[in-house]
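First comes the structure, then the notes that go with it.
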Amino acid sequence: MRAAVVKKIGGPEAVEVLEAPLPEPGPFEVRVKVEAAGLNPADAAVWGGFFGPLEVEYIGLGLDAAGTIDAVGPGVLLKVGTPVIVFHAPVLRPTKAQAEYLVTDLNSLAPAPEGMDLTLAATIPLNAMTASLALDHLPLRPRDTLLVTGAAGAVGGYAVELARTRGVRIVAQGRPEDEEFLRDRGATWFVSRDEELSGAVRRLVPEGVDGVLDAAALGAPALAAVRDGGIFVSVRVDVLPTPERGVVVRNTSAGPDATRLSYLSALAEVGVLTPRVARIYPLSEAAEAHAQLARGGQRGRIVLVP
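Going by numbering that gives the first Met the number 0, the sequence shown wraps up at 305, each residue one higher than the last.
Right, dumping it as structure tokens:
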């Protein structure tokens, strides 16, 4: 099978597509014929060397995918041909989601949203799981206030939609052209990323918001918008600000959880979550897709299709 891998640390040019052995499912595992795989910043961390130098011939890329079950291992009752979405969390594997086939365990997959194009469905797992877990770290009650930075991004967009289901009042930060989209998703207020963040937020919520989900990894400027004794949650551990004024500072990262992933898939199926694809590349153009990821600025996920 063909798979996108990294053989050396560098930039997106280090990504290449090669022929790799077809993986076989073991006990309580399935093999998925991948129809689409999303690109995420975690992929850039692999080819950029965040996880250290390569100590094997090559490392696969891709944490989330959508496709159909192609083969099952012992102990699996799911049927071949079942459409699924997958959050394949292990990082240092020879091949991963950006490949023609993927082997994963039962706790890493969920039924795909019925009736949804699998190219869209592939953008759900990592980003929606991250947003959902981050909100769990923000025990906000209905009518509490939440600032979401980078609210039109992949994690931020899902966070706004999920927070709306909890009755939270949302201050969404984004580009000026994002305002209509974010208000449609459930934002109560909007602030432009061109404004000084704390001042803009406190003009709307003078005492400061009850919590922040810092999807844009701004750090201290976002912390300044939180009220004394509030809660700050980041999706990146490397930009956690120093706690102050009694504000609790936390980091969140997603892991396999079939129950949560199934719930999020169901929300997408009924239109509560809005998957977005920025651009589609064939697997053969994986290096160019990763170069586009590195350039940034897209709204929605870049997707590879085998």
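For glycine and all other residues, C-beta sits at the position ideal for the given N, C-alpha and C. Bear in mind that the values here come from a model prediction, so they are computed numbers and not experimental data.
With DSSP run on the structure shown, which of helix, strand or coil describes residue i?
i, result
"Phe180", "helix"
"Val234", "coil"
"Thr81", "coil"
"Ala41", "helix"
"Leu137", "coil"
"Gly228", "strand"
"Thr241", "coil"
"Tyr262", "helix"
"Leu217", "coil"
"Pro274", "coil"
"Leu21", "coil"
"Ala2", "strand"
"Ala111", "coil"
"Pro281", "strand"
"Glu268", "helix"
"Glu56", "coil"
Enumerate in chain order the residues of its own chain whose CB-to-CB distance from residue i is below 8 Å, with the five nearest sequence positions on each side excluded.
i, result
"Arg92", "Ile58 and Gly59"
"Glu243", "Leu222"
"Asn106", "Pro255, Asp256 and Ala257"
List the endpoints of the continuous alpha helix (DSSP H) containing residue i.
i, result
"Ala35", "Premise fails: Ala35 lies in the beta strand (DSSP E), Glu28 to Gly37, not in any alpha helix (DSSP H)."
"Val159", "Ala153 to Thr164"
"Gly198", "Leu196 to Leu203"
"Ala290", "Ala285 to Arg294"
"Thr118", "Leu117 to Ala120"
Grab the span of the beta strand (DSSP E) containing residue i for me, first residue to last.
i, result
"Val247", "Val247 to Asn250"
"Ser191", "Trp188 to Ser191"
"Val302", "Arg300 to Val304"
"Arg168", "Arg168 to Gly173"
"Ala70", "Asp63 to Val71"
"Leu212", "Val208 to Asp213"
"Leu101", "Tyr100 to Asp104"
"Leu146", "Thr144 to Thr148"
In angstroms, rounded to a whole number, what distance separates the CA positions of residue i and residue j?
i, j, result
"Ala221", "Val159", "16 Å"
"Ala151", "Gly173", "6 Å"
"Asn39", "Val29", "23 Å"
"Glu113", "Val5", "34 Å"
"Val90", "Arg202", "42 Å"
"Pro24", "Leu76", "13 Å"
"Val232", "Arg249", "5 Å"
"Val269", "Arg184", "14 Å"
"Asp69", "Pro26", "15 Å"
"Leu132", "Leu212", "11 Å"
"Tyr280", "Glu12", "15 Å"
"Val71", "Tyr100", "13 Å"
"Ala153", "Glu56", "32 Å"
"Ser283", "Asp104", "27 Å"
"Met115", "Pro73", "29 Å"
"Glu178", "Leu146", "14 Å"
"Ala219", "Gln297", "24 Å"
"Leu181", "Val14", "34 Å"
"Pro240", "Val16", "39 Å"
"Ser264", "Asp237", "29 Å"
"Glu195", "Ala267", "34 Å"
"Ala41", "Thr251", "14 Å"
What whole-angstrom Cβ distance do residue i and residue j have, given they're in contact under 8 Å?
i, j, result
"Arg300", "Ala277", "6 Å"
"Arg168", "Thr187", "4 Å"
"Ala127", "Ala36", "Not confirmed; about 15 Å, so no contact."
"Val246", "Ala214", "Val246 to Ala214, Cβ: 17 Å. No contact."
"Gly254", "Ala88", "6 Å"
"Pro305", "Arg1", "7 Å"
"Gly61", "Ala96", "3 Å"
"Ala224", "Ser191", "At roughly 14 Å, the Cβ-Cβ gap does not stay under 8 Å, so Ala224 and Ser191 are not in contact."
"Ala98", "Ala3", "7 Å"
Between which residues of its own chain and residue i is the CB-CB distance below 7 Å, once the five residues before and five after are set aside?
i, result
"Pro124", "Asp63, Ile84, Val85, Phe86 and Leu260"
"Tyr157", "Asn126, Ala127, Ala130 and Leu272"
"Pro161", "Position check: residue 161 holds Leu in this sequence, whereas Pro was assumed. Correct list, in chain order: Ala130, Ser131 and Leu134."
"Ala288", "Leu38, Tyr280, Ile301 and Leu303"
"Gly9", "Trp46"
Can you name, in chain order, every residue of its own chain whose Cβ lies under 6 Å from the Cβ of residue i, other than the five neighbours on each side?
i, result
"Ala65", "Glu34, Ala35, Ile84, Ala111, Leu117, Ala120 and Ala121"
"Gly166", "Pro141"
"Ile230", "Leu137, Gly210 and Val247"
"Thr144", "Arg168, Val204, Val208 and Asp209"
"Pro102", "Per the sequence shown, the amino acid found at residue 102 is Val instead of Pro. Result list for Val102: Pro22, Pro24, Glu28 and Arg30, in chain order."
"Leu217", "Thr148"
"Ala81", "According to the sequence displayed, residue 81 carries Thr and not Ala. Result list for Thr81: Ile68, in chain order."
"Ala199", "Val190"
Indicate whether at least one CB of chain D lies closer than 8 Å to the CB of residue i.
i, result
"Thr241", "Protein chain content of the structure displayed is limited to a single chain, and chain D is not contained in it."
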